[in-house]
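Residues 140 to 395 in our numbering are what the sequence shown spells out, letter by letter. Beta carbons are placed, not taken as given, at the ideal position from N, Cα and C, and that holds for glycine. Keep in mind the model is a prediction, meaning the values are calculated, not measured. Structure record follows, encoded as structure tokens.
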Amino acid sequence: MSDAKALGVDIGSTTWKAVLVDGAGEILSTKLEPTDPLMDRQTERLVDLMHEEAGLTQRVPIGATGYGRKRVQATRVLTEITCHAKGAYHWMKRAGVLVDIGGQDTKVIRIGSGGEVSDFHMNDKCAAGTGRFLEVMLSRLQVSFDEIAQRVAKADKAVPISSVCTVFAESEVVSLVAQGVPVDNIVKGLAQSLASRVASLAGVLPPDSEVFMSGGVALNPAMVAALESALRAPIRVLPQPQLAGALGAALSVLPR
Numbered sequence: 140m141s142d143a144k145a146l147g148v149d150i151g152s153t154t155w156k157a158v159l160v161d162g163a164g165e166i167l168s169t170k171l172e173p174t175d176p177l178m179d180r181q182t183e184r185l186v187d188l189m190h191e192e193a194g195l196t197q198r199v200p201i202g203a204t205g206y207g208r209k210r211v212q213a214t215r216v217l218t219e220i221t222c223h224a225k226g227a228y229h230w231m232k233r234a235g236v237l238v239d240i241g242g243q244d245t246k247v248i249r250i251g252s253g254g255e256v257s258d259f260h261m262n263d264k265c266a267a268g269t270g271r272f273l274e275v276m277l278s279r280l281q282v283s284f285d286e287i288a289q290r291v292a293k294a295d296k297a298v299p300i301s302s303v304c305t306v307f308a309e310s311e312v313v314s315l316v317a318q319g320v321p322v323d324n325i326v327k328g329l330a331q332s333l334a335s336r337v338a339s340l341a342g343v344l345p346p347d348s349e350v351f352m353s354g355g356v357a358l359n360p361a362m363v364a365a366l367e368s369a370l371r372a373p374i375r376v377l378p379q380p381q382l383a384g385a386l387g388a389a390l391s392v393l394p395r
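Below, the structure written as structure tokens:
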């Protein structure tokens, strides 16, 4: 159906994302903003706006995924694993291992040659291996996300962060600062700590695996480099890494 369209909504713990696609699965428009605690109203407002901006007089099918997926009046409610795999495969057109570091959880998804999910691992019990870990630590150091690459480049070494719990790691970081340890070295240590935890979740990668990366953390080249080092494999960041889940949700409900 060449005139068919579909909308995918991915409500994460920190970011609200949506993608509108045409009948060929090409992206027509997107929306991305911080997740509002009143996500029902936020979703209604942005979905209406996307319909209006696209000149749509009738509602298109809506696929919902993410942390707040059950708060969406959707055609289908979908798992994050399925949607991220579908979105990544649509862009990359081949098998691989997708690493998605979200605010609340981290997912490692093995995508088969036909785009199917062949296996996955997910860390959703502790913030230590997620974007939230980085957010908390950077806030303590008064360093912005955009500064990570610059800070890491200036560091003369990485200071290991040994605590596996975010709360204890925060205390450890505060103690390091009090001891006069350079903030740049602490930031480099934090990047390596997060990368190490994600690599442990991924386990041993199959030989010659292609590794893809999605999620907001993928926008930071220093974090991508740290993860490449931990995985001992090159990483290809998806074209619009924060939108993989929303794209997959839209494709899942696109009329054929």
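Checklist line | V392 vs P176 beta-carbon contact at 8 Å | finding: For the purposes of this step, residue 392 is taken as residue 253 along the sequence shown, with counting starting at 1. For the purposes of this step, residue 176 is taken as residue 37 along the sequence shown, with counting starting at 1. Against a cut-off of 8 Å, the Cβ pair of P176 and V392 comes out as no contact.
Next item on the list: State the DSSP-derived secondary structure class of G355, mapped to helix, strand or coil.
Entry: Along the sequence shown, read from residue 1 onward, the residue named residue 355 stands at position 216. DSSP places G355 in helix when its eight states are reduced to three.
Next item on the list: May I ask you to list the residues that DSSP assigns as paired with W155?
Entry: Translated into the one-based positions of the sequence shown, residue 155 becomes position 16. Its beta-bridge partners are I150 and E172.
Check: Between which two residues does the alpha helix (DSSP H) harbouring R290 extend?
Finding: As a position in the sequence shown, residue 290 is number 151, starting the count at 1. Note, R290: alpha helix (DSSP H), I287 to K293.
Item checked: First through last residue of the alpha helix (DSSP H) which encompasses V132 -> For the chain, the structure presents residues 140 to 395; residue 132 sits outside this window and is missing.
Margin query: Please report the straight-line C-alpha distance between V307 and L370, rounded to a whole angstrom.
Written below: Start at 1 with the first residue of the sequence shown, and residue 307 comes out as number 168. Start at 1 with the first residue of the sequence shown, and residue 370 comes out as number 231. Strictly speaking, residue 307 in this sequence is Phe, with Val absent from that position. Each residue's alpha carbon lies about 25 Å from the other.
Margin query: Which residue wins for smallest C-alpha separation from V376, given the options V363, A388, K296 and G387?
Written below: The sequence position of residue 376 within the sequence shown is 237, counting from 1. Nearest C-alpha to V376: V363.
Checklist line | Runs of alpha helix (DSSP H) lying entirely within the stretch 292-328, each at least 4 residues, in chain order | finding: 305-317
Checklist line | Pairwise C-alpha distance: A213 and A389 | finding: Residue numbering aside, residue 389 sits at position 250 when the sequence shown is read from its first letter. Residue numbering aside, residue 213 sits at position 74 when the sequence shown is read from its first letter. Cα to Cα, the separation comes out at about 11 Å.
Margin query: Buried or exposed, going by whether 16 or more other CB atoms sit within 10 Å of the CB of C222?
Written below: Taking the first residue of the sequence shown as 1, we reach residue 222 at position 83. By the neighbour-count rule (16 or more Cβ atoms within 10 Å), C222 is buried.
Next item on the list: Could you spell out the range, first to last residue, of the alpha helix (DSSP H) harbouring R395?
Entry: Numbered from its first residue, the sequence shown carries residue 395 at position 256. Careful: R395 lies outside any alpha helix (DSSP H) and carries neither H nor E.
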